[in-house]
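Encoded as structure tokens, the structure appears first; notes follow it.
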Amino acid sequence: MPVIAVVGSLNMDLVVRAPRQPLLGETLMGSSFGTAGGGKGSNQALACARLGADVYMVGCVGSDDFGRRLRSTLLEAKVDCQYMEVCAGVGTGVAVITVTDSGENSIVLTSGANALLDRATLERSKEVFRRSDTALFQLETPLDTVAWGLKMARNSGCKTVLTPAPAVELPQEIWRQVDFLVLNETELAFYSLGPSFASAGAPSGMDEDKLQESAQQLLQQGVKTVVVTRGARGGYVASRQKAFHFEPFRVHSVDSTGAGDSFCAALSVKLTEGALLEEAVEFAAAAGALACTRHGAHPSMPWRHEVKAFLEAAGKM
Numbered sequence: 000m001p002v003i004a005v006v007g008s009l010n011m012d013l014v015v016r017a018p019r020q021p022l023l024g025e026t027l028m029g030s031s032f033g034t035a036g037g038g039k040g041s042n043q044a045l046a047c048a049r050l051g052a053d054v055y056m057v058g059c060v061g062s063d064d065f066g067r068r069l070r071s072t073l074l075e076a077k078v079d080c081q082y083m084e085v086c087a088g089v090g091t092g093v094a095v096i097t098v099t100d101s102g103e104n105s106i107v108l109t110s111g112a113n114a115l116l117d118r119a120t121l122e123r124s125k126e127v128f129r130r131s132d133t134a135l136f137q138l139e140t141p142l143d144t145v146a147w148g149l150k151m152a153r154n155s156g157c158k159t160v161l162t163p164a165p166a167v168e169l170p171q172e173i174w175r176q177v178d179f180l181v182l183n184e185t186e187l188a189f190y191s192l193g194p195s196f197a198s199a200g201a202p203s204g205m206d207e208d209k210l211q212e213s214a215q216q217l218l219q220q221g222v223k224t225v226v227v228t229r230g231a232r233g234g235y236v237a238s239r240q241k242a243f244h245f246e247p248f249r250v251h252s253v254d255s256t257g258a259g260d261s262f263c264a265a266l267s268v269k270l271t272e273g274a275l276l277e278e279a280v281e282f283a284a285a286a287g288a289l290a291c292t293r294h295g296a297h298p299s300m301p302w303r304h305e306v307k308a309f310l311e312a313a314g315k316m
């Protein structure tokens, strides 16, 4: 069984559903409100566990009801939470999410206890990297911690997987520590075209030449393999050895929250099991598509038998 360490954020998602995203200064009536576990770290940990891996979660929550709920959900999925630290005097991270009728979302984060995940926390958790085959990271915790964790994981012999979101400027040292970089098209444009892209809004879609050029640019920075998700257009994978496109799975999307984390977790599990990159990407695309058919981050993370059944129904197994 693959052993995976997830170092990252744990949030409680506060989700409002609305017909569309509100305009600046506009008050818009929503149709419903709910809460669900989230945060890229906990999403990936939960998904990895449901997909068949032994999982360690390294992160911080507050001494509050949100933190207790997150821990309970992960424990129910058999995630090892002994390296999750409870921080007194600070709240658990919160994400305020607006989900539209078309399933698209916008998110505003407050870090809370996630900001306290530091080098000292990782040093107290260093045994995790020695026990794990693969380590997953995201950018909802301090950058210094991410850089240090990637180095610790690499030095312990782990494969490293980075989801570079939310998109921020990254030091060169981080790219060189990444075996698999998993990002969407907007994030790819940010990192290849520069931070000024953020003020220009999301791209309607890169053309083929720009897509390949952008991926190659990240490979030149030191990343070993770049995996780009493109939503309904599938995705693109590039490494020093090969490059290929992958097709999307068609589903009725109701909420894309957590789909990228489901994809990343599924990719990581299959690669850790020794699958070929093409097989791992197909499995990941199925897991990401399934996540879009459900509401909420934690509730949408699929189980392995569900992904297998989905692939069989699609004639892929």
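Under numbering that gives the first Met the number 0, the first residue of the sequence shown is numbered 0, with each subsequent residue one higher. Note that the Cβ used here is the ideal one computed from N, Cα and C, for glycine as well.
Scanning its chain for C-beta atoms nearer than 7 Å, with the 5 sequence neighbours on each side dropped, one finds around P141 the residues A114, L116 and D117, in chain order. Taking the C-beta atoms as reference points, G66 is found nearer than 8 Å to T91. Linking E281 to L50 through their CA atoms gives a straight-line distance of about 14 Å.
Following the DSSP letters along the chain, one finds G92 inside the beta strand (DSSP E) bounded by residues G92 to T99. Cβ contact annotation for V177 (same chain, cutoff 8 Å, sequence separation greater than five): L149, T159, V160, L161, G221, V222 and K223, in chain order. Taking 4 residues as the shortest admissible run, the stretch 213 to 287 contains the following complete alpha helix (DSSP H) segments, listed from N- to C-terminal end: 258 to 271.
In the three-state DSSP reduction, Y190 falls in the helix class (H, G or I).
In the three-state reduction of the DSSP assignment, G36 falls in the strand class, which pools E and B. The Cβ atoms of M83 and V60 lie closer than 8 Å to each other.
Contact between the stretch 299 to 316 and the stretch 282 to 289 is established, with three or more Cβ pairs separated by less than 8 Å.
At a Cβ-Cβ threshold of 8 Å, P247 and G233 count as neighbours. Scanning the stretch 70 to 141 for uninterrupted beta strand (DSSP E) segments of 3 residues or longer gives 83 to 86, 92 to 99, 104 to 109 and 133 to 136, listed from N- to C-terminal end. Counting along the chain, A308 sits inside no beta strand (DSSP E); it lies in the alpha helix (DSSP H) bounded by residues R303 to A312.
Using a Cβ-Cβ distance cut-off of 8 Å, the stretch 10 to 25 and the stretch 95 to 104 are in contact, since at least three pairs of beta carbons, one from each stretch, lie closer than that value. In the three-state reduction of the DSSP assignment, K158 falls in the strand class, which pools E and B.
By the neighbour-count criterion, in which 16 or more other beta carbons inside 10 Å mark a residue as buried, K241 falls on the exposed side. The DSSP-derived three-state label of V5 is strand.
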